[in-house]
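Notes follow once the structure below has been shown.
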Amino acid sequence: EVQLVESGGGLVQPGGSLRLSCAASGFTFSDNWMLWVRQAPGKGLVWVSRIRGDAGITNYADSVKGRFTISRDNAKNTLYLQMNSLRAEDTAVYYCVRGLVSISVLVAWGQGTLVTVSS
Amino acid sequence: QTVVTQEPPFSVSPGGTVTLTCGLNSGSVSTSNYPGWYQQTPGQAPRTLIYSTNTRSSGVPDRFSGSILGNKAALTITGAQAEDESDYYCVLYMSSGIWVFGGGTKLTVL
Chain Y
1068 EVQLVESGGG LVQPGGSLRL SCAASGFTFS DNWMLWVRQA PGKGLVWVSR
1118 IRGDAGITNY ADSVKGRFTI SRDNAKNTLY LQMNSLRAED TAVYYCVRGL
1168 VSISVLVAWG QGTLVTVSS
Chain D
11 QTVVTQEPPF SVSPGGTVTL TCGLNSGSVS TSNYPGWYQQ TPGQAPRTLI
61 YSTNTRSSGV PDRFSGSILG NKAALTITGA QAEDESDYYC VLYMSSGIWV
111 FGGGTKLTVL
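Residue numbers (the numbering used here), protein chains in the order written: chain Y, 1068 to 1186; chain D, 11 to 120.
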């Protein structure tokens, strides 16, 4: 059974940093694309970033480019999202999502971790 | 700026059929956009229904189906049930390597 468990969320001040983690199990992590999607309170889903299985390709939404960095440790079956220069509008539940091997279609979701940016 | 369009709130009668669509402000949706459909109830994580236009995710009832209708992606629910009352989101892949979600459609079954 595929399991994706996010952690690392919490309250952070504007301008601060936070690193999210996603522990994956139940599939060959190193083969699959992985993605981050976020959802602000009461709002819709927004794609944030994606990374290929070998980490050879990464892409970002314009709203986070230059501030967020996606990475992975295939030896630890863990996906990361380093978030710097955080803003109030980054407040959201962040979901870790599994893609497929060949394409980054969004297939399986974690339960999410809440990030709140506030002074 | 790429905008993915979905219907405003929609309603369907129990047992009825409803089709939700997903369009692009900049042109037509094709299989190259790998359309995906996701169901979300309040307080829960999204659930994948359909990916790559028409591939049903594991465990999803066959009353949910995906297709391309005209210039849009479509999600059809045949024989809607009370538990289908949810928010439905579509997502499209762009050749630049990014994904864009629609704003979602709230479906009421009554």
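For each residue, glycine too, the CB sits at the ideal point set by N, CA and C. From a predicted model like this one, the values you see are computed outputs, not experimental measurements.
- Cβ atoms of Gln1149/Y and Arg1105/Y stay farther apart than 8 Å, at about 14 Å.
- Out of Met104/D, Thr12/D, Tyr98/D, Thr15/D, the CA that lies nearest to the CA of Thr58/D is found in Tyr98/D.
- For Thr118/D, the CB contacts under 8 Å within the same chain, skipping 5 residues up- and downstream, are Pro19, Phe20, Ser21, Val22, Glu95 in chain order.
- Per the coordinates, the alpha-carbon of Gly1082/Y lies some 30 Å from the alpha-carbon of Asn1141/Y.
- If you draw a straight line from the Cα of Trp1176/Y to the Cα of Ala1128/Y, it is about 19 Å long.
- Relative to the Cα of Asn1151/Y, the nearest Cα in the group Ala1107/Y, Leu1102/Y, Val1182/Y, Thr1125/Y belongs to Val1182/Y.
- Closer than 8 Å to the CB of Ser75/D there is not a single CB belonging to chain Y.
- In this structure the stretch 27-34 of chain D does not lie against the stretch 1089-1108 of chain Y, because fewer than three pairs of beta carbons, one per stretch, are closer than 8 Å.
- In the three-state DSSP reduction, Ser21/D falls in the strand class (E or B).
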